[in-house]
Amino acid sequence: MTEVLQRFSPATRAWFGEAFAAPTPAQLGAWDAISRGSHALVVAPTGSGKTLAAFLWAIDRLASRAGEAGPTGAAPAATVPAPTTTVLYISPLKALGVDVERNLRAPLVGITQAALRLGLEPPRVSVGVRSGDTPAADRRRLVKVPPDILITTPESLFLMLTSAARESLRGIDTVIIDEVHAVAASKRGAHLAVSLERLDDLLAAPAQRIGLSATVRPASEVARFLGGSAAVEIVSPAAGKRFDLRVVVPVDDMSQVGPVEPREGQTAASAPQTGSIWPHVEEAIVDEVLAHSSSIVFANSRRLAERLTARFNEIYAGLLRDAEAGDEGTDQTAEATAATDARAAEQAAHRRPAELMGASGRSA
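Residue numbers for the sequence shown follow the UniProt record's numbering, beginning at 1 and rising by one.
In structure tokens form, the structure reads like this:
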């Protein structure tokens with residue numbers, strides 16, 4: 001295990017060693033800078049583990065503090081400070097914030113289980129999300145009982161800083177800004193820069209800033225935006241990815257696209273247009289998703305992304321039903337397997353689309 005990982009607590013090291021073969025170069029560089037207290041800009045392509053690189057050190061510190069507080073996680077009444085958020089994650093996209101909240105569950109649960117196996121006090125780390133879609137009751141609850149990690153947007157941060165909610169931010173020591181390259185050169189970015197300075201004025205000491213960015217040039221300009229007048233360490237390991245780029249057409253002749261058979265229970269109005277290539281595209285994408293452990297599908301709009309997600313799940317559920325029907329008439333073991341698949345299909349219908357397709361390429 002690398003020297004950088006030795007800086008983490010035993011539970012975090014144990015979980016990481018069980019979950020991953022080794023840290024990525026981006027993670028090694030980020031953890032080295034972050035653990036030394038430096039502001040850091042992590043520049044790396046998608047799939048390099050940037051989000052975990054930014055969060056794991058903060059999660060480890062939160063878990064360690066929880067363990068130091070004692071078996072109940074509580075300190076003597078005279079020393080209990082007012083509740084406050086410790087880690088602030090800012091995303092320019094609300095949907096990305098929701099994904100990050102979901103993805104944090106794995107390390108939090110994994111570190112908790114590792115701590116229990118090692119006989120250590122399990123951490124109690126809470127996560128909250130605040131955006132323009134958050135109901136008023138939930139926003140009040142986030143202020144009254146602030147989560148350890150708050151996921152928000154630049155606009156929601158501004159609103160918090162200009163209201164009584166700012167009191168829940170006084171204990172922040174780490175600010176993570178995702179997709180910082182997307183806002184750095186815009187008016188929205190200038191507005192965020194002002195909010196970050198206002199946040200620092202609220203704190204006893206300036207928060208450590210960690211920026212996450214896709215490959216961007218010049219990185220020094222993004223770093224200057226991130227740190228303001230403070231120095232920022234740029235972590236930009238050489239990208240060693242190899243790309244296999246192909247242009248694939250799901251039909252042999254696009255001028256001869258045949259009619260689409262309506263699905264069971266589908267009305268004529270909701271059925272795809274005759275001659276539409278979309279059903280062929282959708283089925284081809286599902287085949288690719290099932291053939292790989294992870295996939296990203298880019299769409300031109302949110303509406304199209306949502307429609308495609310719904311279709312992918314319909315196609316996948318149909319594949320499960322076909323597998324069940326093919327097992328009928330076989331021996332009892334095969335019938336039991338079909339029943340299991342049917343239950344899986346029923347459960348899948350109630351799962352979130354991203355969770356369904358995200359798990360489709362994984363082994364049981």
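Backbone N, C-alpha and C define an ideal beta-carbon position, used for all residues, glycine too.
- Pairing Thr86 with Thr12 gives a Cβ-Cβ distance that is not under 8 Å.
- Relative to Ser38, the option among Leu245, Val289, Ile234, Ala305 whose CA is nearest is Ile234.
- By the Cβ neighbour-count rule, Asn103 is exposed, with fewer than 16 other Cβ atoms within 10 Å of its own.
- Beta-bridge partners of Glu18 (DSSP): none assigned.
- Unbroken alpha helix (DSSP H) stretches of 4 residues or longer found wholly inside the region 139-169: 154-161, given in chain order.
- In the DSSP assignment, Leu41 falls within the unbroken beta strand (DSSP E) covering 39-43.
- Apart from the 5 residues on each side of it in sequence, Ala115 sits with its Cβ closer than 6 Å to the Cβ of Ala11, Pro122 in its chain, given in chain order.
- Less than 8 Å separates the beta-carbon of Ile151 from that of Val100.
- Here Leu28 is actually not in contact with Phe16; their C-beta atoms are around 12 Å apart, not less than 8 Å.
- Closest by C-alpha distance to Glu18, out of Gly110, Ala238, Ala40, is Gly110.
- With fewer than 16 neighbouring CB atoms inside 10 Å of its own CB, Arg242 falls in the exposed class.
- When C-beta atoms of the region 58-66 are compared with those of the region 220-240, fewer than three pairs fall below 8 Å, so the two segments do not count as touching.
- Taking each of Arg105, Ala205, Ser293, Lys94 in turn and checking the Cα distance to Leu157, the smallest one comes out for Lys94.
- In this structure, Thr2 places its C-beta atom within 8 Å of the C-beta atom of Pro23.
- Arg198: member of the alpha helix (DSSP H) spanning 187-202, first to last residue.
- For Phe55, the number of other beta carbons within 10 angstroms of its own is at least 16, and it is reported as buried.
- Residue environment: Leu199 is assigned as buried (16 or more neighbouring CB atoms within 10 Å of its CB, all protein chains considered).
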